[in-house]
Amino acid sequence: MFPSYVPGQRWQFWIDRGGTFTDIVARRPDGQIVLHKLLSENPDRYADAPIQGIRDLLGLGKDEAIPAEVIEAVKMGTTVATNALLERKGDRVLLLTTKGFRDALRIGYQNRPNIFARHIELPEMLYEQAIEVNERLSAQGEVLVALISEEEERLLQELQRAYDSGIRACAIGLMHGYRYPAHELRLGELARQVGFTQVSLSHQVSPLIKLVSRGDTTVVDAYLSPILRRYVDRVAAQLEAEEIQSSKFKIQNSLHHSSTHPPTCLLYTSDAAD
Numbered sequence: 006m007f008p009s010y011v012p013g014q015r016w017q018f019w020i021d022r023g024g025t026f027t028d029i030v031a032r033r034p035d036g037q038i039v040l041h042k043l044l045s046e047n048p049d050r051y052a053d054a055p056i057q058g059i060r061d062l063l064g065l066g067k068d069e070a071i072p073a074e075v076i077e078a079v080k081m082g083t084t085v086a087t088n089a090l091l092e093r094k095g096d097r098v099l100l101l102t103t104k105g106f107r108d109a110l111r112i113g114y115q116n117r118p119n120i121f122a123r124h125i126e127l128p129e130m131l132y133e134q135a136i137e138v139n140e141r142l143s144a145q146g147e148v149l150v151a152l153i154s155e156e157e158e159r160l161l162q163e164l165q166r167a168y169d170s171g172i173r174a175c176a177i178g179l180m181h182g183y184r185y186p187a188h189e190l191r192l193g194e195l196a197r198q199v200g201f202t203q204v205s206l207s208h209q210v211s212p213l214i215k216l217v218s219r220g221d222t223t224v225v226d227a228y229l230s231p232i233l234r235r236y237v238d239r240v241a242a243q244l245e246a247e248e249i250q251s252s253k254f255k256i257q258n259s260l261h262h263s264s265t266h267p268p269t270c271l272l273y274t275s276d277a278a279d
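Taking my numbering, I'd label the letters of the sequence shown as residues 6 to 279.
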């Protein structure tokens, strides 16, 4: 069943799961490198291309289990989140930001390809709603307006309304939040208390100066992380169903460092003051 199997040596798989095709490079137990290519989406034949590719290379039939003892590692890169961004198929996102900066991300840096264009088309925002928070920090991280209990009660009501509308992802980016994260951390606690399953804090996602670039990155993180997490969980569940230990499975996305680390999306914009 397993060509050139050598006791004590096992298969290794490197998988590139793209939007159209899934490419697999595998090292057989005898050291030979083999290649395989299949459609990423083919629901009539299989539920998931990477798992099917492994089965194909091992020469397994449809109902045969993947024997965990012959696999050393499965490493996969995927454009699942990238495709969701390009196709605008991420999760619905709520943005929390400092009072007075509700439209900061929409205004951006006012860059445009044609400076003399009379009709300017603004990019579509990835967040659906925005809530202003009555708090303020100085550039040195000093608290100018504290986050008081009355404001927290108001925010809980606003968060609940957004949650009731079906939003489950929350991006939190405050002015100078990277210097003093206490307010963002508290808002994150409130969002999770309401029930938000994805909470992205700017000082964790992109702990850098400049509200717009940090805020954009945080919104993208909230927008895409649930998509990637669901895919990773699905693949991991299939591997576990085949009794392949999760420690053998590593995944990396073009917008994320690793599924085992807080996702950090790599977005860059031009300079502007925070």
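From the three backbone atoms N, C-alpha and C, an ideal C-beta is built for every residue, glycine too. Being a predicted model, the structure only gives us computed values, none of them experimental.
According to the neighbour-count rule (16 or more other Cβ atoms, all chains shown, within 10 Å of its Cβ), is Ala278 buried or exposed? Unreliable positioning characterises Ala278 in this predicted model, as indicated by a pLDDT of 34, which lies under 50. The coordinate reading is nonetheless provided below. By the 10 Å Cβ count, Ala278 comes out exposed.
Leu179, DSSP secondary structure in three states: Of the three classes helix, strand and coil, the one that applies to Leu179 here is coil, per DSSP.
Would you kindly work out how many angstroms separate the C-alpha atoms of Tyr236 and Leu149, rounded to a whole number? Looking at the two C-alpha atoms, the distance is approximately 42 Å.
Tell me which same chain residues have a C-beta within less than 7 Å of the C-beta of Asp219, skipping the five on either side of it? Here residue 219 turns out to be Arg, not Asp, going by the sequence shown. If we look at Arg219 and ignore the five residues flanking it on each side, its Cβ neighbours are Gly178, Tyr183, Ser207, Ser211, Leu213.
Take Gln14 and list the residues in its own chain whose beta-carbon comes closer than 6 Å to its own, dropping the five residues that flank it on each side. Counting only Cβ-Cβ distances below 6 Å, and skipping sequence neighbours, we find Pro34.
Could you check whether Gln203 and Ala242 sit closer than 8 Å to each other, using their CB atoms as the reference points? No, these two residues do not count as a Cβ contact at 8 Å.
Given a cut-off of 8 Å on the beta-carbon distance, is the pair Leu131 and Tyr228 in contact? Between Leu131 and Tyr228, the CB-CB gap stays under 8 Å.
With three or more beta-carbon pairs closer than 8 Å as the criterion, would you say the stretch 72-84 touches the stretch 187-201? No: the two stretches stay apart, fewer than three of their Cβ pairs being nearer than 8 Å.
Is it buried or exposed for Gly5, if we count other Cβ within 10 angstroms and need 16 for buried? With the chain covering 6 to 279 only, the question about residue 5 has no answer from this structure.
Cut-off 8 Å between Cβ atoms - residues of its own chain near Tyr168, not counting five sequence neighbours on either side: The beta carbon of Tyr168 sits closer than 8 Å to those of Val199, Gly200, Phe201, all from its chain and outside the five residues before and after it, given in chain order.
Close beta carbons around Leu99, own chain, < 6 Å, minus the five adjacent residues each side: In its chain, beyond the 5 residues on either side, Gln134, Ala167, Ile172, Cys175 have a beta carbon closer than 6 Å to the beta carbon of Leu99.
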